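Undergrad:
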Amino acid sequence: MTLDFKFPDVGEGIQEGTLLHWKVKVGDVVKQDQVLAEVETDKAVVEIPSPLSGKIVGVMHKEGDVVKVGEVMVRIDDGSGSVGGGEVHVPSKGAASGRVEKGGSEDKKSGGSDHYADSVVGTLDENTMELGEEGAAVESGSHEGRKRMMPKYRKMAREGVGGGARVQKKYDLWGYVERESFVGRRLVASKLQQSLSSSAQYTVCEEADVTDLVKIRKKEKGPAMKQGVKLTFLPFVMKAVVEALQEFPRLNAELNGDEIVVKKYFNFGVAVDTGKKLLVPVVKGVDKKSMLSIAKEIEKLAKKCVDGSVNSMDLKGGSFTITSIGSLGGLFFTPILNSPEVAILGLGRIRELPRVMETVMKVVKPRMVLPLSLTVDHRVVDGAEAVRFLVKVRDLLEDPDRLLVEMG
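This note's numbering puts the sequence shown at residues 2 to 409.
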């Protein structure tokens with residue numbers, strides 16, 4: 002019997018994905034759980050496994066297409082010899098693991114794990130490769146045994162030659178140009194555009210004198226390194242944000258229809274530039290963790306984003322986002338909300354600047370200054386509330402002794 006396999010609901014409210022790579026073609030014989038394709042959602046790149054064994058008799062989309070949940074991806078002949086056709090349904094949550102439904106029948110069983118959720122693996126496209134001997138590929142991605150492009154063909158793709166090149170060298174009327182595929186950024190771009198068009202975003206800026214914080218971090222950096230932890234300023238900022246959010250909880254919320262959902266947990270997304278795309282892994286339970294625990298988790302999540310082992314659970318559950326451009330040299334900027342969240346804090350580069358100090362008499366001294374940029378959704382957070390929140394964060398960073406936190 003020939004069965005239609007539809008793009009399943011991968012959770013998190015995902016309605017569509019971009020088909021990045023087919024792993025099969027018409028005529029291939031596949032086994033249950035064999036990867037059919039890689040699809041990029043706005044959360045991650047997921048591998049779509051086959052729900053049954055059989056022969057691929059139809060591929061319904063080409064690479065680069067946007068596939069909506071419920072659309073047929075492939076047609077599979079299960080070899081049963083039965084006349085007619087049907088559909089392959091991936092069980093919903095609570096369905097019996099591994100169950101394949103035909104002809105649209107509903108699975109009446111409960112309990113067990115979601116077969117699809119268990120077998121879909123979140124990954125990043127273009128996992129890093131190390132080149133070995135000619136014609137050999139040394140895998141360094143997140144999944145053992147996963148086949149990768151031969152080095153000579155990957156080199157051709159990078160250089161823009163050959164039929165499968167991702168970057169093709171062309172000329173326009175004015176001279177030489179390079180045309181690079183937009184497929185890998187399409188959903189990220191769509192989410193950013195949707196965030197801007199569906200909310201009333203504005204940004205307020207402030208600067209914090211972090212001279213004392215710089216001294217504390219310098220003092221604690223050595224002991225942290227002995228424990229294998231790279232201590233940055235981000236954990237200190239996170240702790241300050243937690244205290245500020247407890248006073249201004251509306252910034253730790255999301256707008257859901259006619260309701261403002263204020264979250265009582267503190268799960269902070271941290272923007273990570275992988276070199277290919279921007280990902281936002283989430284550090285969960287920031288209020289319950291020590292400074293070094295937060296630093297260790299940030300480093301671990303960032304590494305997973307870069308090497309391709311990050312999964313969908315790492316990328317969801319956030320209530321507030323922090324992004325930093327300080328290592329690149331920027332100062333103030335206008336971060337875009339990580340929808341549906343209503344606030345995001347941007348950190349610029351710390352610089353030594355002259356500042357007037359209010360002592361017995363005014364004196365100018367060199368101080369370490371951190372630029373802060375807060376973007377909020379005006380539909381939920383008024384300007385006065387946003388400014389008060391940012392000033393609270395500033396005050397806590399300027400007087401780090403007020404941050405009642407545990408280092409280790």
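Think of the CB as a built atom: it goes at the ideal place given N, C-alpha and C, for glycine as much as any other residue.
Nothing here was measured: the structure is a model prediction, and the numbers come from that model.
Note down, in chain order, each residue of its chain lying with its Cβ closer than 6 angstroms to the Cβ of E399, except the 5 sequence neighbours on either side.
TA: Correct list, in chain order: A209, D210.
Undergrad: Could you check what DSSP says for T212 in three-state terms: helix, strand or coil?
TA: The answer is helix: DSSP assigns T212 an H, G or I state.
Undergrad: Quick one: using the 10 Å Cβ neighbour count with 16 as the cut-off for buried, is E342 buried or exposed?
TA: It is buried - the Cβ of E342 has at least 16 other Cβ atoms within 10 Å.
Undergrad: State yes or no: is the C-beta of M61 within less than 9 angstroms of the C-beta of E72?
TA: In contact: M61 and E72 (Cβ atoms closer than 9 angstroms).
Undergrad: Does the Cβ-Cβ distance between V283 and D315 come in under 9 angstroms?
TA: Cβ atoms of V283 and D315: closer than 9 angstroms.
Undergrad: If the criterion is Cβ atoms closer than 9 angstroms, does the pair V346 and V394 meet it?
TA: Before going further, note that residue 346 is Leu rather than Val in the sequence given. Yes, Cβ-Cβ distance for L346 and V394 is below 9 angstroms.
Undergrad: Measuring straight from C-alpha to C-alpha, what distance separates G397 and R403?
TA: What sits at residue 397 in the sequence shown is Leu, not Gly. If you take the alpha carbons of L397 and R403, they lie about 6 angstroms apart.
Undergrad: Which whole-angstrom value describes the C-beta separation of V263 and R251, a residue pair presumed to lie in contact below a C-beta threshold of 8 angstroms?
TA: At roughly 7 angstroms, the Cβ-Cβ gap stays under 8 angstroms, so V263 and R251 are in contact.
Undergrad: CB S199 to CB S320, shorter than 9 angstroms?
TA: Not a contact, by the Cβ cut-off of 9 angstroms.
Undergrad: Applying the 10 Å Cβ sphere with the 16-neighbour rule, what's the burial state of W175?
TA: It counts as exposed.
Undergrad: Can you tell me whether DSSP reads S374 as helix, strand or coil?
TA: Three-state DSSP puts S374 in a strand.
Undergrad: With contact counted as at least three CB pairs below 8 angstroms, one residue from each stretch, are the region 234–253 and the region 212–224 in contact?
TA: Output reads yes: the region 212–224 touches the region 234–253.
Undergrad: So, for G330: in the same chain, excluding its five sequence neighbours on each side, which residues have a beta-carbon less than 7 angstroms away from its beta-carbon?
TA: So the qualifying residues of the chain are R350.
Undergrad: Under three-state DSSP, which class holds G270?
TA: Reduced to three states, the DSSP call for G270 is strand.
Undergrad: May I ask which residues mark the beginning and end of the beta strand (DSSP E) holding I299?
TA: Unbroken run through I299 is the alpha helix (DSSP H), 292–308; no beta strand (DSSP E).
Undergrad: Tell me the residue span of the alpha helix (DSSP H) that contains K393.
TA: Looking at the DSSP string, the run of the alpha helix (DSSP H) that includes K393 is 384–399.
Undergrad: Take V388 as the anchor and find which of V11, S374, R380 has the nearest alpha-carbon.
TA: Per the Cα distances, S374.
Undergrad: Between the beta-carbon of L338 and the beta-carbon of V377, is there less than 9 angstroms?
TA: It is a contact, given that the beta carbons lie within the stated cut-off.
Undergrad: First and last residue of the alpha helix (DSSP H) that includes P236?
TA: P236 -> alpha helix (DSSP H) spans 235–248.
Undergrad: Among the candidates G327, A241, R356, V361, whose CA atom is the shortest distance from the CA of S291?
TA: Nearest of G327, A241, R356, V361 to S291, Cα basis: A241.
Undergrad: Does the beta-carbon of N253 have 16 or more other beta-carbons within 10 angstroms, so that it is buried, or is it exposed?
TA: N253 comes out buried.
Undergrad: May I ask which residues mark the beginning and end of the alpha helix (DSSP H) holding V46?
TA: Element bounds for V46: not the alpha helix (DSSP H) but the beta strand (DSSP E), 46–50.
Undergrad: Beta carbon of T322, beta carbon of G270: below 9 angstroms?
TA: For T322 and G270, yes; Cβs fall inside 9 angstroms.
Undergrad: Pick helix, strand or coil for G59, following the three-state DSSP scheme.
TA: G59: strand per DSSP, three-state reduction.
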